[in-house]
Amino acid sequence: MSEASFALTRNDRQRPPPAESTGWKRWLVQNFFDGPVNTVMTLASIWFLLMVLPRAVRWGFIDAVWFTTDADLCKAAAGACWAVVREKYRVMLFGTFPYDEHWRGMFVIALVAVMSVASTIRRLWSWWLLVAWIAAMAAVLVLLLGGVFGLRPVGTHEWGGLPLTLVMFVITVATGVPGGILLALGRRSEMPAIRALCVGVVELVRGLPLVTVLFMASLMLPLFMPAGVSIDKFVRAQIAMALFFATYAAEVIRGGLQAVPRGQYEAAAIVGLNWFQATTRIVLPQALRIALPSMINEIIRAFKNTTFIGIIGLFDVLRATSTALQDPVWVQFSIEAYLSIFLLYFVLCYAMSKYGQRLERDTNTGHK
């Protein structure tokens, strides 16, 4: 080592350590007061919160009416009337489902919730979990349809509320993800007929709004059916929802497939794997990990898209809330009812988002 480099190294060792770059003060400066524009926006946000938040707290909590069956007490109150939720929650949650059979709807909600929580535990990921989901959905359909085990028969036209929303969402995702995988692989197929068919389906459905797809399934599909043959409205809406989700999922998965390095295909071919083995064991798992953030986004959007089925006459939880507010005694408290539904959607979508982030971290998506 030369004398100059030795002196440089010695001087470097004598230099003081760098200033601390962590801590709450540094975090505040970096995130809220980093530059004049950021500082002005932060101060404006603080002023807005100081102006709005106290009034919102007073309206929503301090002066609110929580428990009453008398709408006149709510009219005389200065705050929110959350009693409307207590008074109308059964119609809001179960819609047009027979009133005396609401316990079946509660069991449906509980089953879907338990299976959803179980699916977030990675130790339980196995074929048995898939079997449990199939059994749970079979139990859900038995509870909703009835006609067996002494249960009163209930037609799909009477389904409504949160059970209908959850069932439609679960079936949409459960059928749409495999459909999206097949469409994505079909778009990359070397067979012209299969590739053209998949491209046509994806581009046609993605080029239409979901409302149009639902109207076509609800109104136009029966016109093409043979005389005397009809498909239940719920089934038609379910097919439309699943197809719409599958086309968007296909593009997300296709992006993941294109991001897999070409060397992975070549390595699979070198070790003697055929196309099916290379796709299912090497390529597709990597593509799904890459596409995971976008796929979670599409799943959340599919859950919110269930509100569109109210347009074709199905009583999802949002339309059930609108129906509950037709009561002239409580109609003026619709803000509180819709805020409760907003909170329900926010909690469920936020939970899916946070789980997607955790799953992304566990699989190291985006870090390699």
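Per the working numbering, numbering through the sequence shown is continuous, rising by one, with the last residue being 374.
Note that beta-carbon positions come from the ideal geometry of N, C-alpha and C, so glycine has one too.
Computed from a predicted model, the values in this text were never measured in an experiment.
query	result
Given that a residue counts as buried once 16 or more other Cβ atoms are within 10 Å of its Cβ, and exposed if not, what is TYR356?	exposed
So, at 7 Å on beta carbons, what are the nonlocal neighbours of TRP139 in its own chain, with the 5 sequence-adjacent residues on each side left out?	MET121
I need the boundaries of the alpha helix (DSSP H) containing MET47, first residue and last residue.	42-63
Return the Cβ separation of GLY185 and ALA293 in integer angstroms, given the expectation that the two are a contact with Cβ distance under 8 Å.	So it is not a contact: roughly 16 Å between Cβ atoms.
Does the structure place the region 63-77 close enough to the region 270-286 that three or more beta carbon pairs sit under 8 Å?	no
DSSP three-state label for GLY185, please.	helix
Determine, using beta carbons only, whether PRO169 and VAL91 come nearer to each other than 8 Å.	no
Using alpha carbons as the reference points, say which of GLU93, ALA180, ARG367, LEU34 lies closest to VAL335.	GLU93
Taking PHE175 as the reference, which of ALA248, VAL148, GLY161 has the closest Cα?	ALA248
Let's test the definition: count the other Cβ atoms within 10 Å of the Cβ of GLU209 and tell me whether it reaches 16, buried, or not, exposed.	exposed
In the structure shown, what three-state DSSP assignment does SER359 receive?	helix
Between VAL205 and the rest of its own chain, which residues show a CB-CB distance below 7 Å, the 5 nearest in sequence each way excluded?	ARG193
Tell me CYS87's beta-bridge partners as DSSP assigns them.	VAL71
Please classify ARG339: is it buried, with 16 or more other beta-carbons within 10 angstroms of its beta-carbon, or exposed?	Just to set this straight, residue 339 is Phe in the shown sequence, not Arg. Buried: at least 16 other Cβ atoms inside 10 Å.
Of the residues SER328, LEU229, ALA343, ALA256, which one's Cα is nearest the Cα of MET301?	ALA256
Mapping DSSP to helix, strand and coil, what is PHE39?	coil
What span of residues does the alpha helix (DSSP H) with ASN311 cover, start to end?	290-311
When you compare only the Cα positions, how much space is there between LEU161 and VAL277?	Just to set this straight, residue 161 is Gly in the shown sequence, not Leu. Distance between the alpha carbons of GLY161 and VAL277: 55 Å.
Which class does PHE424 belong to by DSSP, given the choice of helix, strand or coil?	The requested residue 424 does not occur in the structure, where the chain is confined to residues 7 to 374.
Kindly indicate which residue of VAL337, VAL179, ILE296, GLY269 has the alpha-carbon position closest to the one of ILE245.	VAL179
I'd like to know if the region 308-318 and the region 220-234 are in contact, where contact means that at least 3 CB-CB pairs between them fall below 8 Å.	yes
Just to confirm the assignment, what range does the alpha helix (DSSP H) spanning ASP78 have?	77-82
Using a threshold of 8 Å, state whether the C-beta atoms of ILE187 and ILE288 are closer than that.	no
What is the residue span of the alpha helix (DSSP H) that HIS163 lies within?	It is not in any alpha helix (DSSP H) - HIS163 carries neither H nor E in the DSSP assignment.
Should ALA326 and GLY167 be called a contact, given that it needs their Cβ atoms to be closer than 8 Å?	yes
Beta carbon of PHE103, beta carbon of TRP165: below 8 Å?	yes
Mind reading off the beta-carbon distance from LEU88 to ALA77? Whole number of angstroms is fine, and I expect it under 8 Å.	In the sequence as displayed, the identity of residue 88 is Trp instead of Leu. Not quite, the Cβ-Cβ distance comes to about 13 Å (not below 8 Å), so this is no contact.
Figure out for me which residue from ALA199, PHE230, LEU189 has the closest Cα to the Cα of ARG212.	LEU189
Quick one: what's ASP322 bridged to in DSSP?	GLY167
Assign THR375 to one of three DSSP states: helix, strand, or coil.	An answer regarding residue 375 cannot be provided, because it is not within the stretch 7 to 374 covered by the chain.
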